[in-house]
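Numbering (our numbering), first residue to last: 19 to 270.
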């Protein structure tokens, strides 16, 4: 099984994190036509039963909860009847709010995050919402108590606002280690997802994902949604090919 992660679906933001709405629509249509798209909970249950991600299915996730998801991704998900999970930074939903200060290449206009009424509408339509921590910190740089407080605060606030249990966590920047994984479990989460950047055993608190970015056309999506991708991309041969492609693009 493959778990994909998007961030933004925005026609104006010239960032690697932002996929154009037309491209996202094409991605979803292709996934629904050629893959079995399932809820992230299926990935978790597969790991619990078999100790690994089973092949043959794809789960779609979004990090950060940018407001453009409501305007550009949600209509597509609803049209395709496609399950998806959005990981929210909980403090953005408080009265004080939290600035989007974790993006390296922000657009020239303010980045906004989903409002509660938008989230509840999406949830009613079948979109799942989970935690992306309370303040989007690098958890590996926090002490145990500070890390635990952030993780618990996020889960408890989201459960209050969403009216149900919050089981999942997405590590900010994908950063985690064994200590953070243990703290996530102690904070009441049942699973956590990271990125594809680390070579490590797959487990309920270290579920790898393949990032989907602005320039990823259908060929890239086909590769990244294949069950062998996450294993192959760790090899030296893959890194050499990727470096060659980047050089070719830079010259092009």
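Cβ atoms here follow ideal geometry from the backbone N, Cα and C, with glycine treated the same way.
Distances from the alpha-carbon of residue 192 to those of 120, 50 and 174 put 120 closest. Counted as a single uninterrupted DSSP element, the alpha helix (DSSP H) harbouring residue 52 occupies residues 39-52. The alpha carbon of residue 27 has as its nearest neighbour, out of 130, 182 and 20, the alpha carbon of 130.
As computed with DSSP, residue 20 is found in a beta bridge with 76. Residue 148 has 105 as its beta-bridge partners, per DSSP.
Under DSSP, residue 84 forms a beta bridge with 131.
Pairing residue 105 with residue 188 gives a Cβ-Cβ distance under 7 Å. Beta-bridge partners of residue 27 (DSSP): 37. Positions of the alpha helix (DSSP H) runs, each at least 4 residues long and wholly inside the stretch 157-226, are given as 162-180 and 196-204 in order along the chain. The closest CA to that of residue 245, considering only 54, 24 and 74, is found on 74.
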